[in-house]
Each structure stands twice: as C-alpha cells, then as structure tokens.
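Working notes for the structure below.
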Amino acid sequence: MNRFVLTLTLLAALALPVTLAQSATPAATPAPAPAPAKSIEAVTATSPKGYSIRMPGGQGWTPLKNVPGTDVAFLNQTVNGLRPTVTVIVQDVQPSIKATLADFRDLYSRQLQKDVPNLKMLGEKTIRVSGQSAILWSYSGDGDGGPVRWTQMIVLKSNRLFTTTLMTPTGTPADVMASGREILDSFTLTAK
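So for the sequence shown, my numbering puts the first residue at 176; every next one is plus one.
Here is the structure:
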C-alpha cells in the first residue's frame, strides 16, 4: 500500500508541472529599454587667450577644434549648401601701433567693401562686453556659395583684438539664428 501511495504521489508530481505548463500563459519577455537619446550638453570654451564663449546644448551646434584661422568654431546643419557658423578669431596687436577700437572698425569696414560682393550694412552700434567697448554690426552679401548675413562683434583689450562672428545663410531657420546669436552674445572677456 505504501508503494501504491508513493507511486500515485510521484505520478501526480510529474503530471503537475505539465498541467501547469499547459494552462499557464507564457510570460511576456520585457522589451529592452530604448537607449537614451544622445545630446550635447552646453559647452563653455574658455581660452587662455582671455575669453570664454558658451554653446547651448540640444540646438544642433557642434564645437570644432583646430579650424585654420580661428581660435574656436561652432557649426550647425547645412542650410542651402552652407553651414551656419560662429567663430572667434584672436589677434595680438603690437603695442607700438597704438590702434583704437575705432581704428580697427574703420579698417574692417574698408576691407569688407573689398572682400564681400553685394555688401549691405544692416546696422551698427557700440555695446559693452565685460566692461569694454565693443562694435556690434550686421551686414549681408554674397559668401562662398550664396547670400549670407553676418553679425560680428569686435572687442579690443590689452593689445588683443577679439572678433566673434555669426554667419547664417539665407533661409536659416529662426531657431538656429536665435541659438547662434545666443552663442555670440555669450562671449565674455576673462581676467587675462
């Protein structure tokens, strides 16, 4: 009799998982979590040449290093064959020249008339950047590849000329222009 009870118990135990397996619904395999979207956080470039500039994150701007002729550059997506850019150029000025900001403004103005086909000056004003006088002007003309608009800021401090330029091709979306202007406006002089 013990043998009979033991056999029934074993048969029941063997049948139980099969019965449960047949009636149980398969467990859903959880889908893998989507990878978080990659985004560039805000970047602040601080130069030993005496300035800093901030690029907002998530606006499509990409910082570049080692761009010939510039200290720093930021690029956005191509618009009408050209890429909106913000650049900073730093030039050391010989103290013996004794040039003022107005002298550089006049020099730049004459050079623009030679270098920019269909140049049209759109506006100019004197502003303050980190306590220093600066020239802020906008102009349009034909760039390499099509019509563009430039917004440029020129600052002179301690025999060093800082030129920060936003270039936007015709047709640049308003949000790209606004974020480019935000980069330009973030330019500050540091203690150097």
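Ideal Cβ positions, reconstructed from N, Cα and C, are used throughout, including at glycine. Keep in mind it's a predicted model, so treat the numbers as computed, not measured.
By the Cβ neighbour-count rule, Val263 is buried, with 16 or more other Cβ atoms within 10 Å of its own. With fewer than three CB-CB distances shorter than 8 Å, the region 342-349 does not count as touching the region 271-279. If you draw a straight line from the Cα of Ile228 to the Cα of Thr219, it comes to about 6 Å.
Sequence-distant partners of Arg280 (beyond 5 residues in either direction) whose C-beta falls short of 6 Å from its own C-beta, in its chain, are Ile310. In this chain, the alpha helix (DSSP H) harbouring Val351 covers Ala349 to Asp360. Within 10 angstroms of the beta-carbon of Gln288 lie fewer than 16 other beta-carbons, which makes it exposed. Taking a cut-off of 8 Å on C-beta distances, the region 230-250 does not touch the region 295-315, as fewer than three cross pairs fall below it.
Ser305 carries a coil assignment under DSSP once its states are collapsed to helix, strand and coil. Shown here for Gly244: same chain residues with a beta carbon closer than 8 Å to its own, the five before and five after excluded, namely Ile264 in chain order. Of Ile358, Val261, Gly355 and Ser333, the smallest CA-CA separation from Val242 is found for Val261. Beta bridge pairing from DSSP links Val254 with Leu257.
In this structure, the CA atom of Leu364 is about 20 Å from the CA atom of Ser354. In the three-state reduction of the DSSP assignment, Gln288 falls in the helix class. Shown here, Asp319 sits in coil according to DSSP, grouped into three states, outside any helix or strand. Residue environment: Gln327 is assigned as buried (16 or more neighbouring CB atoms within 10 Å of its CB, all protein chains considered). Secondary structure note for Ile272: it is in no beta strand (DSSP E), with a DSSP letter that is neither H nor E. If you look at Ser227, you'll find it in the beta strand (DSSP E) that goes Tyr226 to Met230.
The beta carbon of Met352 sits closer than 6 Å to the beta carbons of Thr343 from its chain, once the five residues preceding and following it are set aside; these are given in chain order.
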